[in-house]
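Numbering (the UniProt record's numbering), first residue to last: 1 to 675. Report on the structure given below.
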Amino acid sequence: MPLFTYLDHAATTEYTDEQIQAFLNDLTLNRFGNPHSLNSRGLLTSSRVDQMRQKILNHFGTTSEHYAVVFTSNCSAALKIVAESFNWSPKSVGSGPLFNNTWYQSVRMGEPCFIYLQDNHTSVVGMRVHAFMQNVAVYAVDEKALTSTNFCGRRYPLKWCSLGPQRWYTCLDAAALAPTCQFSLGANGPDFVTISFYKMFGFPTGIGALLVLRKSAHVLQRPYFGGGTPRDEIEKRQFQKYFFLLRFEDGTLAYQLVIALKHGFDAIEKAGGIARIGQRVFQLANRAYDGLLSLRHYNGSKVAHIYCESKFRSPLEQGGTVAFNLLRSDGRWVGFSEVDRMAGAYDIQLRTGCFCNQGACQLALGLTDSQEGIKRCGDQVDVLNGHPLGAVRISFGWTSVEDDVSRFLSFIEECFVEKAPLEKLRFEWNGEELLKRVFKLEKIFVYPVKSCRPVEVADHWPISNYGLWLDRKWMVVDSYGVAVKLENNAAISKVRLSIDLSKLWLFDDQKAKRTCEASDCGEDVAIWLDEVLKTKGTRLVHSSGPSDHGLNNQAQYLMVNRASVQRLLEEMQEDPELIARFRPNLVIEGAEPFEEETWNQVKIGSTLFNCIGKCQRCAVIAVNPENGAKTPEVLKHLHTLSGSEFTFGIYLKLEDQQNLTGGLLRIGDPVYGIV
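As structure tokens, then:
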């Protein structure tokens, strides 16, 4: 497995091998049964579940006298329970001011009201829908003196939760806070606290908790009782009163996941406890923060803009998260997608976008409502009219080490700190002069199977409106139907291909005599691929479209200029496989470096193509197609040459209104660029 630098602990922290092994040993030594059953296995499970409820309460500094633990599928599910079950009667609303701000004057005193911080996860924002359905007034606030935000790690004062006794019912979303902050709920903490355990110790997912202050439990109303053993009808009322909160746990608990929590808490304690983890995480994030602030371009301009009001003064104000955007030497923003692409080549795992916190994103970036409306969680729209629509986030957790910070800062310095002005290439030819300059088609490559090695054409090859004949006609998928790619399974580089007029042959590069005919994409091919790729359930599938329609990602054809490749080679050590990394269909020679980027059309032989855009490059070019080894220097030097565009090669599309009957491209065909 590659050595990854994991910097996305705010999304989910890592689990350890020892943690998983301890859980497996637990399952091996003990046979757990349904906790509703009264046999020995059921009683064992019920006892372990009760122990975990008490363990959770102890961890958060309270007791079963004051709080009850309701297990949920995650933090969002816990928030949903509160939103759906809260009784919005006048008896349940606040009777005094929550904040001393002018916006509060518009709150309808004595009537139901739902107030949420604008800097909040989308799950919290989603609670307002249930409030609207109950005709409840809803207010979003950006209070500057209000726990921890998942956007930049800022921590708001926990004393805010003590407002509950004023009859404002407070809900603390502790998903971002709990993994690295030790806090005590005591007897009068927030009325509702929501937790996701995978954010605390990585495993298991699918289990969270809602902690309910017992004296506030009456405001949660839910008539449905989904499972359990309510004795008989005579005891029904007493049972439901005593086990009031169990009505929120529908049916049989995911008890194996609950049992797994023990080993997560054990691992946390073995690491020194949350307080010690929190201090170490703060120090790591602080070092990353200081390192980013110190970086400068050759002209003295700053490299990073960091979204951090606390300035890392104290772990009471700031968690182990750093949110930032990068700047070029001329002050233009670097899109977060570009940073994400480069990080992938360096095996650095981070997060980009708005992190499911649109409110904090809007506040931090100064976005208008119309700009914010363009952004969607998880999309790749990063800069609009020169303004960033998201950010880059690194976050540290209990398994983070000093080397993680060092690798991250080295990555930023190597890839985004400009040492000198970028060289600007200029071409002075007009259209008539360019038509007099004749280049040559040097190579033709066909990629019958996506991500596998190409077949180099010896003389000529048929063309169509869908691309080269048989290009990207097949692809290898895993047992889940997901395409197997070179960057995530280097073994696919071993598969060589050969084509005759009726069949596609696959060869194992390490054992050349082992071949497999793939014309039917059947079981024999699947078994052969599993053996070569060391996988299970792998299949070879073909395009379901027209017979000559491939599985091309962006366009019919991809053209690369030999001189542009040579220019890139000047920036790095000799790499005989450099052209293969870019996976072109057509390679031309004779043009100036990057001259092809100025063309609107290109004529090859008698066939006219439209240039429809530059090829946006991803981390796959950092993978050596011969052995699957990752060498990010290719991306780094391409970034130096191309700057913000991060492109190499030109997409081509056949000009319409051409008669392609019997159309061929030949090695040595003349090539003309048209501007």
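Think of the CB as a built atom: it goes at the ideal place given N, C-alpha and C, for glycine as much as any other residue.
Burial state of residue i, where buried means 16 or more other Cβ atoms lie within 10 Å
i: Q554; result: exposed
i: Y346; result: buried
i: I259; result: buried
i: T28; result: exposed
i: K450; result: buried
i: residue 677; result: In the structure as shown, the chain starts at 1 and stops at 675, and residue 677 therefore has no counterpart that could be examined.
i: K473; result: buried
i: L261; result: buried
i: Q134; result: exposed
i: Y169; result: buried
i: residue 677; result: This structure does not reach residue 677, given that the chain is present from 1 up to 675, and the question cannot be answered.
i: Q221; result: exposed
i: Y480; result: exposed
i: A145; result: Because the pLDDT of A145 is 36, which lies under 50, any placement of that residue in the model is unreliable, and the number read from its coordinates should be weighed accordingly. Counting Cβ neighbours within 10 Å, A145 comes out exposed, since fewer than 16 surround it.
i: E18; result: exposed
i: F660; result: According to the sequence provided, residue 660 is Leu. The question's Phe does not apply to it. Answer is exposed; the Cβ neighbour count stays below 16.
C-alpha gap between residue i and residue j, whole angstroms
i: C452; j: W599; result: 30 Å
i: R498; j: P632; result: Correcting the residue identity first, residue 498 is Ser in this sequence and not Arg. So the alpha carbons of these two residues sit roughly 30 Å apart.
i: I268; j: T5; result: 21 Å
i: Y104; j: D191; result: Because the pLDDT of Y104 is 47, which lies under 50, any placement of that residue in the model is unreliable, and the question is left without a value.
i: M1; j: G663; result: Low confidence applies to M1: its pLDDT is 47, below 50, so where it sits in the model is not reliable, and the reading given next is rough at best. So the alpha carbons of these two residues sit roughly 46 Å apart.
i: H263; j: A22; result: 7 Å
i: V438; j: D459; result: 20 Å
i: residue 677; j: R393; result: The question about residue 677 has no answer, for the chain in this structure spans 1 to 675.
i: H387; j: A304; result: 15 Å
i: K311; j: A323; result: 12 Å
i: W469; j: I444; result: 12 Å
i: G272; j: F201; result: 13 Å
i: I650; j: P204; result: 46 Å
i: R581; j: P625; result: 6 Å
i: P315; j: Q182; result: 11 Å
i: Q362; j: Y116; result: 15 Å
i: P165; j: N188; result: Residue placement at P165 is flagged as unreliable, the pLDDT there being 43, under the threshold of 50; the coordinate-derived value follows with that caveat. Cα to Cα, P165 sits roughly 8 Å from N188.
i: C75; j: L210; result: 8 Å
i: T647; j: G668; result: 26 Å
i: T229; j: H36; result: Only weak support exists for where T229 lies, its pLDDT of 46 falling under 50; the value from the coordinates is given anyway. Taking the straight line from one Cα to the other gives about 7 Å.
i: K440; j: D656; result: 23 Å
i: A275; j: V82; result: 29 Å
i: R583; j: E317; result: 49 Å
i: E402; j: K270; result: 19 Å
Helix, strand or coil at residue i [DSSP, three-state]
i: S564; result: helix
i: T5; result: strand
i: G353; result: strand
i: L326; result: strand
i: N610; result: strand
i: A11; result: coil
i: W333; result: strand
i: residue 684; result: Since the first residue shown for the chain is 1 and the last is 675, residue 684 is missing from the structure and cannot be characterised.
i: K630; result: strand
i: I492; result: helix
i: L172; result: strand
i: Y589; result: Inspection of the sequence shows that residue 589 is occupied by Glu rather than by Tyr. In this structure, E589 counts as strand in the three-state DSSP scheme.
i: S395; result: strand
i: W505; result: strand
i: G208; result: strand
i: G668; result: coil
i: K236; result: Confidence is the limiting factor: at K236 the pLDDT is only 49, short of 50, which leaves the residue's position unreliable and the question unanswerable from this model.
i: Y255; result: helix
i: G673; result: strand
i: Y139; result: strand
i: Q657; result: coil
i: E442; result: strand
i: Q554; result: coil
i: W103; result: The predicted position of W103 is uncertain, since its pLDDT is 42 and thus under 50; no value can be drawn from it.
Chain B within 8 Å of residue i, Cβ atoms only
i: G208; result: Absent from the structure is chain B; it holds one protein chain and no more.
Quiz prompt | Validate contact between the region 37-46 and the region 168-181 using beta carbons, cut 8 Å, 3 pairs | solution = no
Quiz item: Hey, is the region 271-291 in contact with the region 328-335, meaning 3+ C-beta pairs nearer than 8 Å?
Solution: no
Practice problem: Counting only runs of 4+ residues fully inside the region 261-315, write out the alpha helix (DSSP H) ranges in chain order. | Solution: 274-294
Self-check item: Three or more C-beta pairs below 8 Å linking the region 590-605 and the region 561-570
Solution: yes
Quiz item: Does the region 180-198 come close enough to the region 52-61 that 3 or more CB-CB pairs lie under 8 Å?
Solution: yes
Practice problem: Report yes or no: do the region 475-484 and the region 533-540 share at least 3 C-beta pairs separated by less than 8 Å? | Solution: yes
Exercise. Run through the region 6-93 for me and flag every whole beta strand (DSSP E) of 3 or more residues, listed as ranges in chain order.
Key: 67-72
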